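Protein chains: 2
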Amino acid sequence: MSAAPITIALLGGGTVGSEVARLLVHDAEDFHKRIGAPVRLAAVAVRDTAKTRPGIEASLITDDAAAVAASGADIVVELMGGIEPARTLILSAMAAGSSVVTANKALIAEHGAALAALAEAKGVSLLFEAAVMGGVPAVKTVREALVGDEIRSLSGILNGTCNYILTEMETTGSAFSDVLAEAQRLGYAEADPTMDVGGFDAAHKITILAALAFGGSPNFAAAEVEGITGVDLLDIRLAGDLGYRIKLIASAERAGEGARVQVRPFLVRKTHPIAQADGALNALFIEGDRIGRIFLQGPGAGAGPTAAAVAADIADVMAGARRPVFQAPAASLQPCAPSAGTAAVGRGYIRVMVRDEPGVLASVSEELAEAGVSIESFLQKPPGETPGVPIVMTTHAVAEAVLAAAVDRIGRLPAVLEPPRLLHIASI
Amino acid sequence: MSAAPITIALLGGGTVGSEVARLLVHDAEDFHKRIGAPVRLAAVAVRDTAKTRPGIEASLITDDAAAVAASGADIVVELMGGIEPARTLILSAMAAGSSVVTANKALIAEHGAALAALAEAKGVSLLFEAAVMGGVPAVKTVREALVGDEIRSLSGILNGTCNYILTEMETTGSAFSDVLAEAQRLGYAEADPTMDVGGFDAAHKITILAALAFGGSPNFAAAEVEGITGVDLLDIRLAGDLGYRIKLIASAERAGEGARVQVRPFLVRKTHPIAQADGALNALFIEGDRIGRIFLQGPGAGAGPTAAAVAADIADVMAGARRPVFQAPAASLQPCAPSAGTAAVGRGYIRVMVRDEPGVLASVSEELAEAGVSIESFLQKPPGETPGVPIVMTTHAVAEAVLAAAVDRIGRLPAVLEPPRLLHIASI
Chain Z
1 MSAAPITIAL LGGGTVGSEV ARLLVHDAED FHKRIGAPVR LAAVAVRDTA KTRPGIEASL
61 ITDDAAAVAA SGADIVVELM GGIEPARTLI LSAMAAGSSV VTANKALIAE HGAALAALAE
121 AKGVSLLFEA AVMGGVPAVK TVREALVGDE IRSLSGILNG TCNYILTEME TTGSAFSDVL
181 AEAQRLGYAE ADPTMDVGGF DAAHKITILA ALAFGGSPNF AAAEVEGITG VDLLDIRLAG
241 DLGYRIKLIA SAERAGEGAR VQVRPFLVRK THPIAQADGA LNALFIEGDR IGRIFLQGPG
301 AGAGPTAAAV AADIADVMAG ARRPVFQAPA ASLQPCAPSA GTAAVGRGYI RVMVRDEPGV
361 LASVSEELAE AGVSIESFLQ KPPGETPGVP IVMTTHAVAE AVLAAAVDRI GRLPAVLEPP
421 RLLHIASI
Chain W
429 MSAAPITIAL LGGGTVGSEV ARLLVHDAED FHKRIGAPVR LAAVAVRDTA KTRPGIEASL
489 ITDDAAAVAA SGADIVVELM GGIEPARTLI LSAMAAGSSV VTANKALIAE HGAALAALAE
549 AKGVSLLFEA AVMGGVPAVK TVREALVGDE IRSLSGILNG TCNYILTEME TTGSAFSDVL
609 AEAQRLGYAE ADPTMDVGGF DAAHKITILA ALAFGGSPNF AAAEVEGITG VDLLDIRLAG
669 DLGYRIKLIA SAERAGEGAR VQVRPFLVRK THPIAQADGA LNALFIEGDR IGRIFLQGPG
729 AGAGPTAAAV AADIADVMAG ARRPVFQAPA ASLQPCAPSA GTAAVGRGYI RVMVRDEPGV
789 LASVSEELAE AGVSIESFLQ KPPGETPGVP IVMTTHAVAE AVLAAAVDRI GRLPAVLEPP
849 RLLHIASI
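In structure tokens, the structure reads:
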């Protein structure tokens, strides 16, 4: 084991960057002992050099990110986020022969194939454990621990902000917009919350895991994404009455030779471990042919967990393992997508607001029967504060297109007061 | 990435060995793609060559384990279990320059330091993911994913047989001996169940994880081990009334510069994820300074999960990562143990069977008060099928020695009918 110091350059000196810098300085001896080589923090590129950054030596700080990226450090750690300038800087770092460690899920999900191709051409590593589930080793588990298995499906809670909002809605009985405003006040949600509540952040993460699990390049464009802005408190309550919680589930499952990737509010049985991951927790449920069902849970964000994940990647680069960035050489990768003609099948939750009059239930059930949708359970609540009466059905598994068409037909019945709400029930 | 085939020799052709052999043959192409080099199964050493082993080419099978071990294969996979001859064969394999992958928890827990020293001297890998929690990457997570963190504690359910028995006792209301007999009939428990129900198997596993987490060599001799043979159905019921489940918990926590390792039946709050891991499931709860709390769960045994873990290790050897076997060079390792003078502190559950007469409760509480043990909750059940009346207390945190002394004093009271039962309450 070599004693030459490994040089590390940081792009980004925010909360995560500062924690990584502290870790590399404060735990240097530990790191050395565990990996067999010393590390040396060489530079930290920041936007505002005037800001004090406790724990980072002032002489290392610069605002010339391009120079830091191209400095030829052994490892360049990118913690800026967003597509540009991160993408250009990472390409320049790899061109200069540096391995790259990043927490940038958007970049890997949207440009992973091109980055992997350059990494492999230059013989450097490109690692991104911190992009998914913070300190929980989701990427490592899917890429390394399950290399001898065929993964069947991944389902997870990958966005802590959405999970916090849904948990608060359920426990406090407040509407989405009120909980979001409170979360923004507390700093749990961004001023522009679209990436989180629109489902895009979770979609970036599941896109990355799907590529690793099913052997393709990340294909964010093929992800079906629905966020939580349309989740109604009434549905959280009614789903609860039926024994379910509503969770924003990011899932990827085999579909023919490829995989289907989606992010959606799903009903999950209250007894399932994923339903019990509350607040800002992240959770991931992995099903494989050999391993059976594995469940991982932990904080999915925060400076500490993210820095620990970055450190794990730095250690992996130092340990010298060589694997394809995704599960095969980049040149051979196809974008991960469902095979053509694979029909999505699932169970549905349908909530219809109807006028409280005789015969309505019969006409709704007739429409479902005619469409070929079979009802599994049924719930009618007494008239309450809402206009009309909610009737709720869960269905047996049926082609999603058939289910959507049936719901569309129900919506056109005269006694139905507003478009019915269709949610999907998780198959886990 | 080299195209020279990696040769693999198996020691052991039982259910796990056969599954590994099938995996290496059947998934060879996948493996090749993911790792960048082909694998070739070179030999399988078995006890009984006459037995048919579907999926393993007959010409590979031999009963000369010593020759297979010393054959100089790139990787020797040991799946025989037990200390000897596994130990001698592994030493011989490493001496011949082979990397070793093993599922042998007893061997790593009891002889890990010597094996690690030889592995490092010969420059070969020694990996044992399959020794703990089957296909759940517990070893990888502690060794690699948490390399940039300080682990505070590990608590887990690491023996599926014990967890199955305790779950069955709780759900069916049957006594330990009846459930054990049924488990043996079904093949879930061995004819000699001592390794499992005595807590030794779980102790081997937590000993390995503790060495990785706290930076020492495995020190099985220092583990405090109590199995489940003394767990009484009455305590499962009473703990349930208080909001707890009784689980065989294997734990390791920092104690001074070292760590304390124990396996014991613990009371765990029903709402904790570990309490909800039922049946043959394994679960592990990791607390770290940076990562916070991570939870892993999955099947901890079986041919499929174990073979997947072995495959992950084979892939790691092929990927060429070089790390110390434990978290530092073997020569520098001290056996993992608590620092001298670190007092164990915890909360207790005390069940006392008393004569149903006035003043008994007062005398019991007086003894506790005099010993300096403070009661947190108290439960007295009406007289039932047992002789005497059970009174149950949970205590606030107190030095374990103080708690044990107090229980001893209570046992000597005239109205107390049998030695009180003391169980510990998990601090997770």
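In the order they appear, the protein sequences are chains Z and W. Take the first sequence: its letter number 133 is residue 133 in the working numbering, and every next letter is one higher. Numbers given in the working numbering equal positions in the second sequence, counted from 1, plus 428. Backbone N, C-alpha and C fix where the C-beta goes; we use that ideal spot for every residue, glycine too. The structure presented is a predicted model; accordingly, all values stated were derived computationally and were not measured.
Beta-carbon proximity check, residue i vs residue j, cutoff 8 angstroms
i               : j               : result
I410 of chain Z : V416 of chain Z : yes
G500 of chain W : A524 of chain W : yes
V792 of chain W : L841 of chain W : yes
P103 of chain Z : A145 of chain Z : Rather than Pro, the amino acid found at residue 103 of chain Z in this sequence is Ala. Result no, Cβ atoms of A103 of chain Z and A145 of chain Z do not sit closer than 8 angstroms.
A437 of chain W : G148 of chain Z : no
A736 of chain W : G509 of chain W : no
V268 of chain Z : I294 of chain Z : no
A419 of chain W : V691 of chain W : This structure cannot settle anything about residue 419 of chain W, because the visible part of chain W is limited to 429 through 856.
S767 of chain W : G684 of chain W : yes
A330 of chain Z : P324 of chain Z : yes
G12 of chain Z  : E78 of chain Z  : yes
E170 of chain Z : R245 of chain Z : yes
E376 of chain Z : R351 of chain Z : no
L666 of chain W : V820 of chain W : yes
L640 of chain W : V567 of chain W : yes
E828 of chain W : V773 of chain W : yes
I856 of chain W : F713 of chain W : yes
A638 of chain W : A705 of chain W : no
Which residues DSSP lists as bridging residue i, in chain order
i               : result
E506 of chain W : W:L439 and W:T530
E652 of chain W : W:Q690
K247 of chain Z : Z:F266
L284 of chain Z : Z:G156 and Z:L296
R254 of chain Z : Z:A259
A347 of chain Z : It should be pointed out that residue 347 of chain Z corresponds to Arg in this sequence rather than to Ala. Paired residues: Z:I425.
S645 of chain W : W:P763
M353 of chain Z : Z:P390
For residue j and residue i, the rounded distance between their alpha carbons
i               : j               : result
M1 of chain Z   : G320 of chain Z : Confidence in M1 of chain Z is poor, its pLDDT being 42 and thus under 50, which makes the residue's placement unreliable; the coordinate value appears in the next sentence. One C-alpha to the other measures close to 11 angstroms.
V504 of chain W : A756 of chain W : 23 angstroms
G14 of chain Z  : V46 of chain Z  : 8 angstroms
D232 of chain Z : F176 of chain Z : 7 angstroms
T7 of chain Z   : R40 of chain Z  : 5 angstroms
A429 of chain Z : S155 of chain Z : Chain Z is shown from 1 up to 428; residue 429 of chain Z falls before or after that span and cannot be answered.
V528 of chain W : D663 of chain W : 44 angstroms
A406 of chain Z : A369 of chain Z : 9 angstroms
D492 of chain W : L546 of chain W : 23 angstroms
H539 of chain W : I656 of chain W : 26 angstroms
R849 of chain W : M133 of chain Z : 42 angstroms
R450 of chain W : G483 of chain W : 6 angstroms
A58 of chain Z  : V44 of chain Z  : 9 angstroms
A432 of chain W : M746 of chain W : 11 angstroms
A521 of chain W : P815 of chain W : 60 angstroms
T490 of chain W : E447 of chain W : 17 angstroms
L709 of chain W : P383 of chain Z : 44 angstroms
A680 of chain W : F642 of chain W : 9 angstroms
T822 of chain W : L180 of chain Z : 41 angstroms
Y349 of chain Z : G288 of chain Z : 27 angstroms
P431 of chain Z : A42 of chain Z  : Since the first residue shown for chain Z is 1 and the last is 428, residue 431 of chain Z is missing from the structure and cannot be characterised.
A541 of chain W : V570 of chain W : 18 angstroms
K533 of chain W : A116 of chain Z : 37 angstroms
### Every unbroken alpha helix (DSSP H) within the segment 123-195 of chain Z, with a cutoff of 4 residues, ordered by chain
160-172 and 176-186
### Query
When Cβ atoms are compared, which residues of the segment 273-285 of chain Z fall closer than 8 angstroms to chain W?
P273 and Q276
### Task
Could you please tell me which residues of the segment 222-251 of chain Z, in chain order, have their CB closer than 8 angstroms to any CB of chain W?
none
### Task
Output, in sequence order along the chain, the residues in the segment 316-337 of chain Z whose CB is closer than 8 angstroms to any CB in chain W.
D316, A319, G320, A321, R322, R323, P324, Q327, A328, P329 and S332
### Task
Identify every run of the alpha helix (DSSP H) within the segment 722-754 of chain W, keeping only runs that are complete inside it and at least 4 residues long; order them along the chain.
731-747
### Query
Along the segment 554-570 of chain W, what residues have a CB closer than 7 angstroms to any CB found in chain Z?
G563, V564, P565, K568 and T569
### Query
Name the residues in the segment 723-747 of chain W whose C-beta lies less than 8 angstroms from a C-beta of chain Z; which are they?
F723, L724, Q725, G726, P727, G730, G732, P733, A735, A736, A737, V738, A739, A740, I742, A743, D744 and A747
#### Entry: Cβ-based contacts, 7 angstroms cut-off: residues of the segment 35-50 of chain Z near chain W
I35 and G36
### Query
What residues in the segment 568-590 of chain W have a beta carbon less than 9 angstroms from any beta carbon of chain Z?
K568, T569, R571, E572, A573, L574, V575, G576, D577 and E578
### Task
Could you please tell me which residues of the segment 368-381 of chain Z, in chain order, have their CB closer than 7 angstroms to any CB of chain W?
none
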